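Novice: Here it is, the structure, as structure tokens.
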Amino acid sequence: MGSVLVTGGAGYIGSHVMAVLAGQGRRCVCVDNFSNSSPEAVARVRSLAPGAIALYEADIRDLAALRAILAKEDCASVIHMAGLKAVGESVEFPERYHDNNVRGTQCLLEALHDSSVRRFVFSSSATVYGIPERVPLDETAPTRPQSPYGENKLEIEGVLAGLAAGDPAWRVINLRYFNPVGAHPSGTIGEDPSDIPNNLMPFVCQTAAGRRERLAIFGADYPTADGTCIRDYIHVMDLADGHVAALRALDSAADGEVMTVNLGTGRGVSVLELVNTFERVNGIRVPRVYSDRRPGDVPVCYADATRARRTMGWSARRTIEDMCRDAWRWQSRNPEGYATAS
Ligand code: NAD
Ligand code: WQD
Numbered sequence: 001m002g003s004v005l006v007t008g009g010a011g012y013i014g015s016h017v018m019a020v021l022a023g024q025g026r027r028c029v030c031v032d033n034f035s036n037s038s039p040e041a042v043a044r045v046r047s048l049a050p051g052a053i054a055l056y057e058a059d060i061r062d063l064a065a066l067r068a069i070l071a072k073e074d075c076a077s078v079i080h081m082a083g084l085k086a087v088g089e090s091v092e093f094p095e096r097y098h099d100n101n102v103r104g105t106q107c108l109l110e111a112l113h114d115s116s117v118r119r120f121v122f123s124s125s126a127t128v129y130g131i132p133e134r135v136p137l138d139e140t141a142p143t144r145p146q147s148p149y150g151e152n153k154l155e156i157e158g159v160l161a162g163l164a165a166g167d168p169a170w171r172v173i174n175l176r177y178f179n180p181v182g183a184h185p186s187g188t189i190g191e192d193p194s195d196i197p198n199n200l201m202p203f204v205c206q207t208a209a210g211r212r213e214r215l216a217i218f219g220a221d222y223p224t225a226d227g228t229c230i231r232d233y234i235h236v237m238d239l240a241d242g243h244v245a246a247l248r249a250l251d252s253a254a255d256g257e258v259m260t261v262n263l264g265t266g267r268g269v270s271v272l273e274l275v276n277t278f279e280r281v282n283g284i285r286v287p288r289v290y291s292d293r294r295p296g297d298v299p300v301c302y303a304d305a306t307r308a309r310r311t312m313g314w315s316a317r318r319t320i321e322d323m324c325r326d327a328w329r330w331q332s333r334n335p336e337g338y339a340t341a342s
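Everything in the sequence shown is counted per our numbering, starting at 1 for the first residue and increasing by one.
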């Protein structure tokens with residue numbers, strides 16, 4: 001069986017995907033420029049899993065580097081996770097985001113063209129749906145991204161559809177992630193934001209650890225049961241399993257097939273429920289304060305996860321309790337993330 005080319009493999013989701021693949025004995029070829037990650041993450045994955053991981057420090061916009069890697073390695077498929085992901089930053093620097101995310105993907109595809117790799121799994125996002133007309137969101141819901149980052153994801157999905165239409169040797173799965181949280185149950189790898197966290201769970205963890213004074217809950221006057229926003233939090237290990245299921249689904253897919261699949265649990269959880277669960281399962285306080293709504297926040301967003309079950313035989317298994325417990329284990333064992341000595 002050929003190796004899996006994993007772009008962005010040193011990142012939060014990539015490291016967990018590689019831990020699962022390598023845990024099953026699959027060889028991974030990781031390509032990352034470490035713009036938002038550290039080689040230490042890959043070293044830790046290696047310590048967890050017996051499968052081999054080849055690591056290349058390279059930018060996906062470097063065609064010559066990608067060609068050299070593909071010529072050397074025997075890859076059968078690609079999981080493309082490399083990208084910039086901060087929604088606010090994408091509004092500030094749309095050209096930078098387009099160049100890294102869209103042109104980067106086009107460059108990767110150009111390099112793959114000269115190789116035998118024709119199976120492609122892409123990290124898309126539920127952010128492509130924008131403000132939902134109704135929930136749960138299934139994959140046929142209208143797409144109306146609200147940021148350059150979301151537009152990048154949709155544009156890349158379009159590029160991949162065009163690719164498979166022009167050359168049916170390709171088989172593609174776009175995975176639209178909802179809200180990945182949590183960490184590997186060992187506490188060895190996890191999410192390590194380089195700056196002040198934008199996302200809820202890392203902020204909760206850093207507040208519990210005392211690195212931040214208190215969590216601001218953005219809005220308590222939404223039309224939900226407790227007034228706080230509702231999201232579909234999914235354990236990163238379930239998400240990683242979803243990538244293995246996607247690779248399997250590509251094996252039995254028809255040539256030229258392009259599938260778009262939500263990766264979510266199908267269950268909505270409020271900000272308050274998540275924070276209270278975190279306190280309960282970890283026996284630790286998370287000081288919080290209610291503050292204004294965050295501009296652009298959608299009140300309620302969760303997946304219809306039916307297609308993932310039907311087409312890939314995959315469903316999320318882990319609970320909100322698991323997500324909170326595993327996120328805290330990672331945080332408490334690595335208070336400074338990968339900068340902490342292991
Ligand atoms: P991350 O920033 O931890 O990982 C992305 C990785 O890609 C990093 O290691 C980074 O160094 C690398 N990278 C970025 N640009 C690169 C380039 N030009 N060349 C080579 N490497 C590059 O982010 P993550 O949370 O692990 O997200 C992985 C993917 O999933 C991204 O594409 C992201 O948009 C998507 N996604 C993430 C979420 C989420 O909430 N975390 C939700 C939906 C989709
Ligand atoms: C979740 C809830 C906040 C922080 C974003 C991106 C999306 C996707 C995932 C990549 C919201 C509330 C948060 C805090 C809070 N990424 N919150 N205090 O907004 O669903 O999605 O990340 O594709 O594109 O937009 O996730 O974790 O930022 O917020 O009250 O300090 O937590 O208002 O209701 P979101 P999030």
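C-beta: ideal position from N, C-alpha, C; glycine also. Just so we're clear, the structure is a prediction, and the values are computed from it rather than from any experiment.
Could you compute how far the alpha carbon of Glu89 sits from the alpha carbon of Ser186?
Specialist: Counted from its first residue, the sequence shown places residue 89 at position 89. Counted from its first residue, the sequence shown places residue 186 at position 186. When rounded, the distance between both Cα atoms is 32 Å.
Novice: Alpha carbons only, please: which of Glu57, Arg27, Gly23, Gly2 is nearest the one belonging to Ala10?
Specialist: In the sequence shown, the residue the question calls residue 10 occupies position 10. The shortest C-alpha separation from Ala10 is found at Glu57.
Novice: Please check the pair Val31 and Ile60, which I expect to be a contact at CB under 8 Å, by giving their CB distance rounded to whole angstroms.
Specialist: Reading the sequence shown from its first residue, position 31 is the one you call residue 31. Reading the sequence shown from its first residue, position 60 is the one you call residue 60. At roughly 7 Å, the Cβ-Cβ gap stays under 8 Å, so Val31 and Ile60 are in contact.
Novice: Are Tyr149 and Tyr233 touching if we call contact CB-CB under 7 Å?
Specialist: For the purposes of this step, residue 149 is identified with residue 149 of the sequence shown, where counting begins at 1. For the purposes of this step, residue 233 is identified with residue 233 of the sequence shown, where counting begins at 1. Cβ atoms of Tyr149 and Tyr233: not closer than 7 Å.
Novice: Can you grab the Cα-Cα spacing for the pair Arg317 / Arg333, in whole Å?
Specialist: Looking up residue 317 in the sequence shown gives position 317. Looking up residue 333 in the sequence shown gives position 333. About 25 Å.
Novice: If contacts are defined as beta-carbon pairs under 8 Å, then Gly83 and Gly8 qualify, I think. What distance do you get, rounded to the angstrom?
Specialist: By one-based count along the sequence shown, residue 83 stands at place 83. By one-based count along the sequence shown, residue 8 stands at place 8. So it is a contact: roughly 6 Å between Cβ atoms.
Novice: Helix, strand or coil for Phe93? Go by DSSP, reduced to three states.
Specialist: Numbered from its first residue, the sequence shown carries residue 93 at position 93. It is coil, neither helix nor strand.
Novice: Whose beta carbon lies closer than 6 Å to any heavy atom of ligand 2, going through the chain in order?
Specialist: Here the list is Lys85, Val87, Ser125, Thr127, Asn179, Asn198, Asn199, Leu200, Phe203, Leu215, Ala216, Ile217, Phe218, Cys229, Arg231, Val271, Arg294, Asp297.
Novice: In chain order, what residues of the same chain lie with their CB nearer than 7 Å to the CB of Tyr290, ignoring the 5 residues before and after it?
Specialist: Your numbering for residue 290 matches position 290 in the sequence shown. Closer than 7 Å at the Cβ level, and outside the excluded window around Tyr290, lie Ile217, Ala220.
Novice: Which residue from Glu95, Glu257, Gly256, Gly264 puts its Cα closest to that of His243?
Specialist: One-based indexing of the sequence shown puts residue 243 at position 243. Ranking the options by Cα distance to His243, first place goes to Gly264.
Novice: For Arg231 and Ala111, I'd like the C-alpha separation in whole angstroms.
Specialist: For the purposes of this step, residue 231 is identified with residue 231 of the sequence shown, where counting begins at 1. For the purposes of this step, residue 111 is identified with residue 111 of the sequence shown, where counting begins at 1. Near 37 Å, if we compare the C-alpha coordinates of Ala111 and Arg231.
Novice: Rounded to a whole number of angstroms, what is the C-alpha to C-alpha distance between Glu73 and Val29?
Specialist: As a first step, residue 73 must be located in the sequence shown, where it is residue number 73. As a first step, residue 29 must be located in the sequence shown, where it is residue number 29. The straight-line gap from Cα to Cα measures roughly 8 Å.
Novice: Between the alpha carbons of Gly190 and Gly337, how many angstroms are there, rounded?
Specialist: Position 190 of the sequence shown holds residue 190. Position 337 of the sequence shown holds residue 337. Going by the C-alpha atoms only, they are around 8 Å apart.
Novice: Can you give the beta carbon distance from Cys229 to Asp297, rounded, assuming they're within the 8 Å contact cut?
Specialist: Numbered from 1 along the sequence shown, position 229 holds the residue referred to as residue 229. Numbered from 1 along the sequence shown, position 297 holds the residue referred to as residue 297. Right, their Cβ atoms sit about 6 Å apart.
Novice: Heavy atom of ligand 1 less than 6 Å from the Cβ of Met100, yes or no?
Specialist: Locating residue 100 in the sequence shown gives position 100, counting from the first residue. Looking at the sequence provided, one finds Asn at residue 100 rather than Met. At least one heavy atom of ligand 1 is nearer than 6 Å to the Cβ of Asn100, so yes.
Novice: DSSP state of Val87, grouped into three classes?
Specialist: The residue given as residue 87 occupies position 87 in the sequence shown. Val87: helix per DSSP, three-state reduction.
Novice: Would you say the beta carbon of Gly8 comes nearer than 6 Å to a heavy atom of ligand 1?
Specialist: As a working mapping, residue 8 is identified with position 8 in the sequence shown. It does: the Cβ of Gly8 is within 6 Å (strictly closer) of some heavy atom of ligand 1.
Novice: Run the proximity test for Asn174: is its beta-carbon closer than 6 Å to any non-hydrogen atom belonging to ligand 1?
Specialist: On the sequence shown, residue 174 is found 174 positions in, with the first residue counted as 1. Result no, Cβ not under 6 Å from ligand 1.
Novice: Under the assumption that Glu133 contacts Pro142 (Cβ atoms under 8 Å), give the Cβ distance between them as a whole number of angstroms.
Specialist: One-based indexing of the sequence shown puts residue 133 at position 133. One-based indexing of the sequence shown puts residue 142 at position 142. Confirmed, about 7 Å.
Novice: For Phe122, which residues does DSSP report across the bridge?
Specialist: Walking along the sequence shown from the start, residue 122 turns up at place 122. Paired residues: His80, Asn174.
Novice: May I ask you to list the residues that DSSP assigns as paired with Met260?
Specialist: For the purposes of this step, residue 260 is identified with residue 260 of the sequence shown, where counting begins at 1. The residue you asked about is not Met; residue 260 is Thr in the sequence shown. For Thr260, which the question treats as bridged, DSSP gives the partners Asn174.
Novice: Compare the C-beta of Phe218 against all C-beta atoms of chain B and say whether one is closer than 7 Å.
Specialist: In summary, chain B is missing from the structure at hand, where a single protein chain is found.
Novice: Can you grab the Cα-Cα spacing for the pair Arg214 / Ser125, in whole Å?
Specialist: For the purposes of this step, residue 214 is taken as residue 214 along the sequence shown, with counting starting at 1. For the purposes of this step, residue 125 is taken as residue 125 along the sequence shown, with counting starting at 1. Rounded to the nearest angstrom, the two C-alpha atoms are 29 Å apart.
Novice: Please report the residue range of the alpha helix (DSSP H) in which Ser291 lies.
Specialist: Within the sequence shown, numbered from 1, the residue matching residue 291 stands at position 291. That residue, Ser291, is in no alpha helix (DSSP H); its beta strand (DSSP E) goes 288–291.
Novice: Please classify Met323: is it buried, with 16 or more other beta-carbons within 10 angstroms of its beta-carbon, or exposed?
Specialist: For the purposes of this step, residue 323 is taken as the residue at position 323 of the sequence shown. The residue in question, Met323, is buried, as its Cβ has 16 or more Cβ neighbours within 10 Å.
Novice: Quick one: residues in its chain with C-beta nearer than 6 Å to the C-beta of Val117, no 5 flanking neighbours on either side, listed in chain order?
Specialist: Walking along the sequence shown from the start, residue 117 turns up at place 117. Within the same chain, Val117 has close Cβ partners Cys75, Val78.
Novice: Using 7 Å as the threshold, is the C-beta distance between Glu346 and Asn174 below it?
Specialist: Shown here, the chain extends from 1 to 342; a query on residue 346 therefore has no answer.
Novice: Could you check where the alpha helix (DSSP H) with Thr207 kicks off and where it finishes?
Specialist: Here residue 207 corresponds to residue number 207 of the sequence shown, with the count starting at 1. Where Thr207 is concerned, the enclosing alpha helix (DSSP H) stretches over 200–208.
Novice: How many Å lie between Val286 and Asn36 at the Cα?
Specialist: On the sequence shown, position 286 is the one that residue 286 refers to. On the sequence shown, position 36 is the one that residue 36 refers to. For Val286 and Asn36, the distance between alpha carbons rounds to 27 Å.
Novice: Rounded to whole angstroms, what's the CA-CA distance from Asp62 to Asn101? Just pull it up for me.
Specialist: Numbered from its first residue, the sequence shown carries residue 62 at position 62. Numbered from its first residue, the sequence shown carries residue 101 at position 101. Going from the Cα of Asp62 to the Cα of Asn101 covers about 13 Å.
Novice: So what's Arg231 in DSSP terms, helix, strand or just coil?
Specialist: Counted from its first residue, the sequence shown places residue 231 at position 231. In the structure shown, Arg231 sits in a strand (DSSP, three-state: E or B).
Novice: Does the beta-carbon of Pro421 have 16 or more other beta-carbons within 10 angstroms, so that it is buried, or is it exposed?
Specialist: Since the displayed the chain opens at 1 and closes at 342, residue 421 lies outside it and no answer follows.
Novice: According to DSSP, which residues form a beta bridge with Val269?
Specialist: As a first step, residue 269 must be located in the sequence shown, where it is residue number 269. Bridge partners of Val269: Arg231.
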